[in-house]
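The structure appears right after this line, and notes come after that.
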Amino acid sequence: MIKMEEGFIVSNKIRKAIFLEVASGEKSLSRIMRKHHLIEHAARNAIEELEQHGLIEKKEDGYELTEEGIKIFNKLRELESL
């Protein structure tokens, strides 16, 4: 069963793309935007939303999943929702 945070990620293709890229180790938002051909404003909004929900955090060397983000990623993989 998908819960609120999982649904928050999978319900928006930009949030989902950014979340998956960060989960796979990509730390640069600009590389994610280029790879997925995302509009900068939309990508920045999506990453801010993911940060506000405590799923992604910005470090000195770029973005990475929080502990909660890792838990959600593992749940989504188990549910095969990715």
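Numbering-wise (the numbering used here), the sequence shown opens with residue 4 and increments by one. Using N, Cα and C, we set each Cβ at its ideal position, and we do this for glycine too.
C-alpha distance - residue i paired with residue j, whole-angstrom precision
{"i": "L68", "j": "V25", "result": "7 Å"}
{"i": "R37", "j": "I59", "result": "19 Å"}
{"i": "H40", "j": "R34", "result": "10 Å"}
{"i": "E8", "j": "E52", "result": "11 Å"}
{"i": "I12", "j": "R80", "result": "13 Å"}
{"i": "L32", "j": "E43", "result": "9 Å"}
Other residues of its chain near residue i: CB distance less than 7 Å, five sequence neighbours each side excluded
{"i": "G57", "result": "T69 and E71"}
{"i": "G28", "result": "none"}
Distance between beta carbons of residue j and residue i, contact taken as under 8 Å
{"i": "A49", "j": "I21", "result": "5 Å"}
Contact check, residue i vs residue j, beta carbons under 9 Å
{"i": "D64", "j": "K19", "result": "no"}
{"i": "I75", "j": "A45", "result": "no"}
{"i": "K61", "j": "E54", "result": "yes"}
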